[in-house]
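Per my numbering, numbering through the first sequence is continuous, rising by one, with the last residue being 535. Read through the structure below, which is laid out as structure tokens, and then see the notes.
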Amino acid sequence: MITTAEQSPPVRVRFAPSPTGFLHVGSARSALFNWLYARHTGGTMLLRIEDTDTDRSNPELIDMIFRTLEWLGIDWDEEPEHQSRRADRYRAATDELLASGRAYRCDCTRDQIDARAAERGGKPGYDGFCRDRGVAAGPGVVVRFRTPDDGVTAFTDLIRGDVTFPNSDLEDFVIVRANGDAMFLVANAVDDADMGITHVLRGEDLLNVTPKVLLLRHALGHTEDPVFAHLPLIVNEQRKKLSKRRDDVALEDYIARGYLSEAVVNYLATLGWGPPDGVEIRPIAEIIELFDLTQVVSSSAFFDLKKLDHFNAEYIRALAVEDFIERSQRWLLADDAPWPADRYDPAVFAAMAPLVQERVRTLAEVPGYVDFLFLAEPVVDDKSWQKVMVKGHDTAVLMLDAMVDRFATCDWTGAGIEDALFGFGDAQGIKRGQAQAPIRVATTGRSVGPPLLESLELLGRDTTLTRVRAARAALGAT
RNA sequence: GCCCCCAUCGUCCAGUGGCCUAGGACGCCGCCCUUUCAAGGCGGUAACACGGGUUCGAAUCCCGUUGGGGGUACCA
């Protein structure tokens, strides 16, 4: 029996970043959806570096993009294509267009174009002035595509349905710059055809470019159109497209801020799409299996850092402890770690790790939970001190005084410390939350942190006593 | 201005004409648990932009309005 799936040609998709900056969150999402679609359908995932604008491209950034895609777990199937190496193909295409009369040379300056537009009544755009002037090649001369005067260019978008553009709204756009370089649209049309791309999945910001690419493809003799799917934009709280200027869009920054690639990818997958059973956090293999391009929503999605944090915390907690320790190294051993490198003790951190793991949302928060163990003296948080030591002065004095004695002689084990601390506090009728607070602030500097008994045990009797005495002394007589 | 796209809780998704007194998740609020904070458990807050149609019946279909966004380069 022949199914429609078997009749369709194998899926070939591509991610086509332009190396003019780091990998952008929006680009990463496009890459991810292309990849999900390819893996779901058993198709082919291709990469194409759109570096035709040589002035703005940078080879190092290309490598950076590859590495970030790898970090995300997005792989590709064939050697990446580079548009900078295909200039001859674009030249052949534009020559063909020139020869067939579908394109012509133009020597109008921007000012002339604008002046004529103003004369016409403010309607901006090129007016086809040079269409039949027979302009010869030369300095300052570009090549423009002659768009049809009437009719429409339409296509069916997998996400948006039928989209139609009247050809009369399309101006004669530039396809070759004065310096001889082909423009993005030409490269796009030629490459997608040469690479046998069957599905073009990209951001909605490229939607209006589609009729131009289609016109170019048709003029070049390609009668089969690829299937298009324009993904909803990822926006900021102002509902505007994420911008490099005012938003955190560099994926590299999320790595540095302690996000796990699994969490980032999983979160990105929920922007514009959701699994049918509503389970958002799940292994990538399941996402691949469930992914359905036709179910992608058409409205833009807000990049919600709070929700990403939640995903990340879930993924951190799901890590094996050894993995958590391993992945935390980068922040523990960093130059800007809060303690002198020689005071850091891996064994002490390992003992504390399980308790830290279930509390952090990002790996970057890890040092803040254990700094008191590796610092000569705790960093005192002023708000905590005010609340516990000043506002709760009497209880603080009582507990501190008692622990100076009891900690000196009790068993230095979790149970021993517990007995010393709460045995006294309970007898005094002090709630445990109140009883532990002064000791916590005295030894760790803060009123929040990992469980106290384990913390003190690792801190050691001597250091604990030193800090308790110092805090008591800071409170003055009585 | 013109072209194109979009419109369900604050946010991300469910919902594809009756199962919706609209469901889940994040956030937020409360309670429980508890040595702090987390985690966990329980409960709560909160939405179909508006107006016309079509239909026995509309969050779901159509039209309009309003609102938002994207694009309007010799960038991609």
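We put the CB at the ideal spot given by N, CA and C, even for glycine. Since we're looking at a predicted model, the values are computed, not measured.
Task: Straight-line gap, residue 189 to residue 292 (C-alpha atoms, nearest Å) - done: Position 132 of the first sequence, counted from the start, is the residue given in the question as residue 189. Position 235 of the first sequence, counted from the start, is the residue given in the question as residue 292. Straight-line Cα distance between these residues: approximately 44 Å.
- [ ] Apply the 10 Å Cβ neighbour rule to residue 229 and answer buried if 16 or more other Cβ atoms are within range, or exposed otherwise.
- [x] Numbered from 1 along the first sequence, position 172 holds the residue referred to as residue 229. When all chains shown are included, residue 229 counts as buried.
Task: residue 413 versus residue 241 - alpha carbon distance - done: Locating residue 413 in the first sequence gives position 356, counting from the first residue. Locating residue 241 in the first sequence gives position 184, counting from the first residue. The straight-line gap from Cα to Cα measures roughly 49 Å.
Task: CB-CB length for residue 91 against residue 105, believed under 8 Å - done: Position 34 of the first sequence, counted from the start, is the residue given in the question as residue 91. Position 48 of the first sequence, counted from the start, is the residue given in the question as residue 105. The pair is not a contact, with the Cβ atoms about 11 Å apart (cut-off 8 Å).
Task: the stretch 259–273 touching the stretch 208–222, judged by at least three CB pairs closer than 8 Å - done: yes
Open item on the list: Beta-carbon within less than 6 Å of residue 245's beta-carbon, same chain only, minus the 5 sequence neighbours each way: which residues are those?
Closed with: As a first step, residue 245 must be located in the first sequence, where it is residue number 188. Taken in chain order, the residues that qualify are 270.
Open item on the list: With H, G and I counted as helix, E and B as strand and the rest as coil, what does DSSP make of residue 464?
Closed with: Within the first sequence, residue 464 is the residue found at index 407, counting from 1. Residue 464: helix per DSSP, three-state reduction.
TODO: Could you please give the first and the last residue of the uninterrupted beta strand (DSSP E) stretch that includes residue 106?
DONE: Indexing the first sequence from 1 puts residue 106 at position 49. Start and end: 101–106.
Task: Segment limits, alpha helix (DSSP H) that includes residue 268 - done: Start at 1 with the first residue of the first sequence, and residue 268 comes out as number 211. It spans 267–276 - the alpha helix (DSSP H) in which residue 268 sits, taken as one unbroken run.
TODO: Can you tell me the Cβ-Cβ gap for residue 197 and residue 164, rounded? I've got them flagged as a contact below 8 Å.
DONE: Numbered from its first residue, the first sequence carries residue 197 at position 140. Numbered from its first residue, the first sequence carries residue 164 at position 107. Confirmed, Cβ separation roughly 6 Å.
Open item on the list: Quick check on DSSP: helix, strand or coil for residue 10?
Closed with: Absent from the structure is residue 10, since the part of the chain shown begins at 58 and ends at 535.
Task: residue 519 burial status per 10 Å Cβ neighbour count (16 or more: buried) - done: Residue mapping note: residue 519 aligns to position 462 of the first sequence, counting from 1. Label assigned to residue 519: exposed.
Task: Nearest residue (CA-CA) to residue 352, options 447, 303, 334, 366 - done: On the first sequence, position 295 is the one that residue 352 refers to. Taking only the C-alpha atoms, the option nearest residue 352 is 334.
Task: Segment limits, beta strand (DSSP E) that includes residue 426 - done: Taking the first residue of the first sequence as position 1, residue 426 is located at position 369. That residue, residue 426, is in no beta strand (DSSP E); its alpha helix (DSSP H) goes 423–431.
- [ ] State the DSSP-derived secondary structure class of residue 211, mapped to helix, strand or coil.
- [x] Within the first sequence, residue 211 is the residue found at index 154, counting from 1. Residue 211 falls in the strand class under three-state DSSP.
TODO: Given a cut-off of 8 Å, decide if residue 290 and residue 253 are closer than it, judged by their beta-carbon atoms.
DONE: What you label residue 253 is simply residue 196 of the first sequence in a count that begins at 1. What you label residue 290 is simply residue 233 of the first sequence in a count that begins at 1. Their beta carbons are not under 8 Å apart, which means residue 253 does not touch residue 290 by this criterion.
TODO: Give me the Cα-Cα distance between residue 521 and residue 395, rounded to the nearest whole angstrom.
DONE: Against the first sequence, residue 521 aligns to sequence position 464. Against the first sequence, residue 395 aligns to sequence position 338. So the alpha carbons of these two residues sit roughly 20 Å apart.
- [ ] Look up residue 62 in the DSSP assignment and say whether it is helix, strand or coil.
- [x] Here residue 62 corresponds to residue number 5 of the first sequence, with the count starting at 1. Because the pLDDT of residue 62 is 47, which lies under 50, any placement of that residue in the model is unreliable, and the question is left without a value.
Open item on the list: Using the three-state DSSP reduction, which class does residue 436 fall into: helix, strand or coil?
Closed with: Residue mapping note: residue 436 aligns to position 379 of the first sequence, counting from 1. Coil.
Task: Helix, strand or coil at residue 368 [DSSP, three-state] - done: Walking along the first sequence from the start, residue 368 turns up at place 311. DSSP places residue 368 in helix when its eight states are reduced to three.
- [ ] Answer yes or no: do residue 514 and residue 471 have a C-beta to C-beta separation smaller than 8 Å?
- [x] In the first sequence, the residue the question calls residue 514 occupies position 457. In the first sequence, the residue the question calls residue 471 occupies position 414. In contact: residue 514 and residue 471 (Cβ atoms closer than 8 Å).
Task: Three-way DSSP call (helix, strand, coil) for residue 329 in this model - done: The sequence position of residue 329 within the first sequence is 272, counting from 1. Of the three classes helix, strand and coil, the one that applies to residue 329 here is coil, per DSSP.
Task: Cβ neighbours of residue 182 in the same chain (closer than 6 Å, five flanking residues each side left out) - done: By 1-based counting over the first sequence, the position of residue 182 is 125. Same-chain partners within the cutoff: 228.
Open item on the list: Three Cβ pairs or more, each shorter than 8 Å: is that satisfied between the stretch 337–351 and the stretch 382–394?
Closed with: no
Task: Complete runs of the beta strand (DSSP E) confined to the stretch 231–264 [at least 3 residues] - done: 231–233, 256–260
Open item on the list: Between which two residues does the alpha helix (DSSP H) holding residue 481 run?
Closed with: Taking the first residue of the first sequence as position 1, residue 481 is located at position 424. Unbroken alpha helix (DSSP H) run through residue 481: 471–484.
Task: Counted within 10 angstroms of its Cβ, other Cβ atoms place residue 512 as buried (16 or more) or exposed - done: Locating residue 512 in the first sequence gives position 455, counting from the first residue. Result: buried.
- [ ] Just grab the DSSP bridge partners of residue 221 for me.
- [x] As a first step, residue 221 is located in the first sequence; it is residue number 164 there, counting from the start. DSSP, once it has assigned bridges, lists 211 as partnering residue 221.
- [ ] Output the boundary residues of the beta strand (DSSP E) element that contains residue 70.
- [x] Here residue 70 refers to the residue found at position 13 of the first sequence. Per DSSP, residue 70 belongs to the beta strand (DSSP E) from 69–72.
- [ ] Quick one: grab the DSSP three-state call for residue 142.
- [x] For the purposes of this step, residue 142 is identified with residue 85 of the first sequence, where counting begins at 1. Residue 142: helix per DSSP, three-state reduction.
Open item on the list: As a quick exercise: from 299, 267, 243, 498, pick the residue whose alpha carbon is nearest that of residue 84.
Closed with: Walking along the first sequence from the start, residue 84 turns up at place 27. Selected option, being the one with the closest Cα: 299.
TODO: From the DSSP output, read off the bridge partner residues of residue 161.
DONE: As a working mapping, residue 161 is identified with position 104 in the first sequence. Residue 161 is bridged to 201.
Task: DSSP beta-bridge partners of residue 292 - done: Indexing the first sequence from 1 puts residue 292 at position 235. Answer by DSSP bridge pairing, in chain order: 298, 359.
TODO: Could you tell me whether the Cβ atoms of residue 160 and residue 232 are closer together than 8 Å?
DONE: For the purposes of this step, residue 160 is taken as the residue at position 103 of the first sequence. For the purposes of this step, residue 232 is taken as the residue at position 175 of the first sequence. In contact: residue 160 and residue 232 (Cβ atoms closer than 8 Å).
- [ ] Could you tell me whether the stretch 481–488 touches the stretch 499–510, using the rule of 3 or more Cβ pairs below 8 Å?
- [x] no
Task: beta-carbon residue 403 near the ligand HEM non-hydrogen atom, thresh 7 Å - done: The ligand HEM is not among the ligands present in this structure, which contains no ligands whatsoever.
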